[in-house]
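**Student:**
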Amino acid sequence: MIEAVTRADGVIVSCPEYAHGVPGGMKNALDWLVSRDAAVGKPALLVHASPRSLFARAALAEIMRTMSFALYEETALEIALLGKKPPEVEEILAEPTSRQAMRDAVRAFAGFIRGR
Numbered sequence: 776m777i778e779a780v781t782r783a784d785g786v787i788v789s790c791p792e793y794a795h796g797v798p799g800g801m802k803n804a805l806d807w808l809v810s811r812d813a814a815v816g817k818p819a820l821l822v823h824a825s826p827r828s829l830f831a832r833a834a835l836a837e838i839m840r841t842m843s844f845a846l847y848e849e850t851a852l853e854i855a856l857l858g859k860k861p862p863e864v865e866e867i868l869a870e871p872t873s874r875q876a877m878r879d880a881v882r883a884f885a886g887f888i889r890g891r
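Below you can see the structure in the form of structure tokens.
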């Protein structure tokens, strides 16, 4: 994972919220990056599948800022998928508005990366 983050022009991160926090597995994965400089100045975009993930979103952003990621916060990407079954998720993600939101967020993030 460290090598993949190091080579990447930027990272897009999404994680669920458990008990108003970042799941241990996600925090552990980020902790592995602390001992290297892979995160320092690395552009990052946070995306979410639930409008209720306010606590995890804030905690994850704080963790990533502390690690010196360059968070892109101009465009938020949030598509409500909480509680949906796989066929419903596919249907929601295939909707023109969802597809456009994803394109717009990735394009904006790519512009942020190019501008650094």
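Using my numbering, the first residue of the sequence shown is number 776, and each one after it goes up by one.
By construction, the Cβ of each residue, glycine as well, lies at the ideal position given by its N, Cα and C atoms.
Just so we're clear, the structure is a prediction, and the values are computed from it rather than from any experiment.
(1) Residues in the same chain with beta-carbon distance under 6 Å from residue 882, minus the five sequence neighbours each way, listed in chain order, please.
(2) Taking its Cβ as the centre, do 16 or more other Cβ atoms sit within 10 Å of residue 822, making it buried, or is it exposed?
(3) List the residues that DSSP assigns as beta-bridge partners of residue 853.
(4) Whose C-beta lies closer than 8 Å to the C-beta of residue 811 among residues of the same chain, with five residues either side of it excluded?
(5) Considering just the uninterrupted stretch of the beta strand (DSSP E) at residue 797, what are its terminal residues?
(6) If residue 831 sits next to residue 796, beta carbons under 8 Å apart, how far is it from one beta carbon to the other, in whole angstroms?
(7) Please identify the residue among 880, 808, 815, 851 whose C-alpha is closest to the C-alpha of residue 825.
(8) Taking the DSSP output, what are the residues bridged to residue 818?
(9) Under DSSP, the alpha helix (DSSP H) around residue 886 begins and ends at which residues?
(10) What's the C-alpha gap between residue 791 and residue 819?
(11) Residue 809 and residue 842: beta carbons closer than 8 Å?
**Tutor:** This is what the structure gives:
(1) Your numbering for residue 882 matches position 107 in the sequence shown. None.
(2) If you number the sequence shown from 1, residue 822 lands on position 47. Counting the other CB atoms within 10 Å of its CB gives residue 822 a total of 16 or more, which places it among the buried residues.
(3) On the sequence shown, residue 853 is found 78 positions in, with the first residue counted as 1. Answer by DSSP bridge pairing, in chain order: 823.
(4) In the sequence shown, counting from the first residue as 1, residue 811 sits at position 36. Within the same chain, and ignoring the five residues on either side of residue 811 in sequence, the residues whose Cβ sits closer than 8 Å to its Cβ are 777, 781.
(5) Numbered from its first residue, the sequence shown carries residue 797 at position 22. Per DSSP, residue 797 belongs to no beta strand (DSSP E) and is neither H nor E.
(6) Walking along the sequence shown from the start, residue 831 turns up at place 56. Walking along the sequence shown from the start, residue 796 turns up at place 21. At roughly 6 Å, the Cβ-Cβ gap stays under 8 Å, so residue 831 and residue 796 are in contact.
(7) By one-based count along the sequence shown, residue 825 stands at place 50. Comparing alpha carbon positions, the residue from 880, 808, 815, 851 closest to residue 825 is 851.
(8) In the sequence shown, counting from the first residue as 1, residue 818 sits at position 43. Per DSSP, the beta bridge partners of residue 818 are 845.
(9) Looking up residue 886 in the sequence shown gives position 111. Unbroken alpha helix (DSSP H) run through residue 886: 871-889.
(10) The sequence position of residue 791 within the sequence shown is 16, counting from 1. The sequence position of residue 819 within the sequence shown is 44, counting from 1. Distance between residue 791 and residue 819, taken at the CA atoms: about 17 Å.
(11) As a first step, residue 809 is located in the sequence shown; it is residue number 34 there, counting from the start. As a first step, residue 842 is located in the sequence shown; it is residue number 67 there, counting from the start. Against a cut-off of 8 Å, the Cβ pair of residue 842 and residue 809 comes out as a contact.
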